[in-house]
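Following the working numbering, the numbering of the sequence shown begins with 150 at its first residue and continues without gaps.
We treat Cβ as the ideally placed atom computed from N, Cα and C, and that holds for glycine.
Encoded as structure tokens, the structure appears first; notes follow it.
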Amino acid sequence: MSAAKPAPTPIRILGIESSCDETAAAVVEDGRKLLSNVVASQIELHARYGGVFPEVASRQHIRTIYAVVQEALQQAHLSLQEIDAIAVTRGPGLAGSLVVGMNTAKGLALGSNLPLIGVNHLEGHVYSAWLHPDGEESPPPEFPLIVLLVSGGHTELNLVEGHLHYQRLGATLDDAAGEAFDKVARLLGLPYPGGPSIQKAAAGGNPNAFHMPRARLEGTWNFSFSGLKTAVLRTVREIEDQKRPLPVADLAASFQEAVVDVLVSKTIAAAEQFQAKSILVAGGVSANKELRDTILARSPVPVFIPPLSLCTDNAAMIATAGYYRFIHGQTDPLDLDVLPTWPLS
Ligand code: KG4
Ligand code: ZN
């Protein structure tokens with residue numbers, strides 16, 4: 150009789166994220182199991198400015214980051230000595246905000262003699278689809294994979310043929326999808342952040358009430374949302390000039406449908422062209438219900454979209470991406486710099 154194999158020792162990564170307006174820390178085991186996920190959002194602080202105010206963001210990160218890290222370790226019932234490595238967002242993001250997370254991670258890594266791993270924030274969004282937030286085991290996305298990254302700062306399509314290998318197929322030529330949601334919300338007098346506000350307003354509207362332009366940019370995998378934003382602006386001005394009440398719900402629904410249609414059509418066309426085994430949608434805009442429902446209904450291959458709690462910025466996704474870098478031997482020196490405009494590929 151052969152002796153039972155000892156269970157492999159789990160690898161636990163502490164993730165830290167501070168690239169924009171969320172101060173976050175999380176502990177993830179073996180790249181998939183969420184042991185804790187703490188997010189301190191600054192949304193209310195920035196709402197009065199209608200967008201993220203960089204100096205306010207970095208000051209607030211400094212105030213909360215230590216408590217957030219402590220809370221993440223406590224909720225995971227672990228001390229730093231039981232952590233294998235510290236993963237931190239290195240970029241892209243606001244320089245002053247990134248520095249707070251990076252310096253915290255470096256201090257903890259140095260003090261506890263742990264490896265440091267700098268993670269690309271967009272790579273974090275990709276890996277959010279590997280997490281099991283409710284402990285339920287499900288198969289991970291299969292390669293080759295088409296990834297649609299849609300956030301406040303980015304909109305791009307990537308072909309991912311294996312772990313950590315990204316090939317950018319195309320990206321937005323102007324506004325990111327989330328940025329378009331935020332700007333159009335402002336035009337419609339809806340509160341920041343615009344994505345959730347537009348989704349809520351659109352729920353009571355008719356998506357066919359206004360015909361909004363769709364920039365198909367045939368023959369490329371690029372996107373463009375500035376024409377759509379201008380079309381909403383022009384319609385709003387016309388209605389205001391006529392002193393009619395603004396049909397906010399119909400405008401929100403028509404705008405949302407145009408964005409979703411372009412995102413979904415291009416993503417599915419890319420999946421077909423590159424014979425992808427799965428599609429992954431990630432980033433803040435992947436929280437959008439219309440986008441989720443439409444791509445799930447239209448895709449010929451399995452679609453992975455992180456649960457709502459992991460769509461917007463969090464540190465669990467950074468810990469998971471960090472895990473894949475760690476097991477591939479990719480750790481970083483302690484003099485690592487932040488990269489505010491770091492592309493994914
Ligand atoms: O990934 P994320 O949290 O931060 C960045 O890295 O940018 O994305 C934030 C963006 C914002 O533009 C926000 O309006 C958008 O995601 N967003 C949404 C929804 N929830 C958040 N957009 C559309 N529908 C939503 N439900
Ligand atoms: Zn993000």
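Between residue i and the rest of its own chain, which residues show a CB-CB distance below 8 Å, the 5 nearest in sequence each way excluded?
i, result
"L382", "L336"
"K438", "Q348"
"P241", "S168, N269, H270, L271, G302, H303, L488, P489, T490, W491 and P492"
"G354", "P396, V397, A398, D399, L400, A401, A402 and S403"
"T384", "F359 and L400"
"H477", "H312 and L313"
"N371", "G319, A320, T321 and L322"
Any heavy atom of the ligand KG4 closer than 7 Å to the CB of residue i?
i, result
"R432", "Looking at the sequence shown, residue 432 is not Arg but Gly. The answer is yes for G432."
"P345", "yes"
"A436", "yes"
"D331", "yes"
"P342", "yes"
"Q348", "yes"
According to DSSP, is residue i helix, strand or coil?
i, result
"G354", "coil"
"E328", "helix"
"L298", "strand"
"H270", "helix"
"H314", "strand"
"T238", "strand"
"F374", "coil"
"I162", "strand"
"L493", "coil"
"F475", "helix"
"T379", "helix"
"H281", "strand"
"F404", "helix"
"A221", "helix"
"E178", "strand"
Give me, in chain order, the residues of the same chain whose beta-carbon lies closer than 7 Å to that of residue i; leave out the 5 immediate sequence neighbours on both sides.
i, result
"E272", "A470 and L493"
"S185", "A175, V176, A221, Q224 and A225"
"P282", "L183, P456, S458 and L459"
Would the beta-carbon of residue i be found less than 7 Å away from any heavy atom of the ligand ZN?
i, result
"H314", "no"
"D484", "no"
"S300", "yes"
"D324", "no"
"D462", "yes"
"H281", "no"
"H210", "no"
"H195", "no"
Since residue i contacts residue j with CB under 8 Å, what's their CB separation in whole angstroms?
i, j, result
"A407", "L377", "6 Å"
"S427", "V450", "5 Å"
"S261", "Q230", "7 Å"
"L429", "V296", "5 Å"
Beta strand (DSSP E) containing residue i: first to last residue?
i, result
"I149", "Since the displayed the chain opens at 150 and closes at 494, residue 149 lies outside it and no answer follows."
"T369", "Per DSSP, T369 belongs to no beta strand (DSSP E) and is neither H nor E."
List the endpoints of the continuous alpha helix (DSSP H) containing residue i.
i, result
"L183", "It is not in any alpha helix (DSSP H) - L183 instead sits in the beta strand (DSSP E) that spans K182 to S190."
"A446", "K438 to R447"
What residues in its chain sit with their C-beta under 6 Å from that of residue i, if we drop five residues either side in the sequence?
i, result
"L257", "I235"
With 8 Å as the threshold, decide whether the Cβ of residue i is near any Cβ in chain C.
i, result
"Y472", "Within the model displayed, chain C is absent; a lone protein chain is all it includes."
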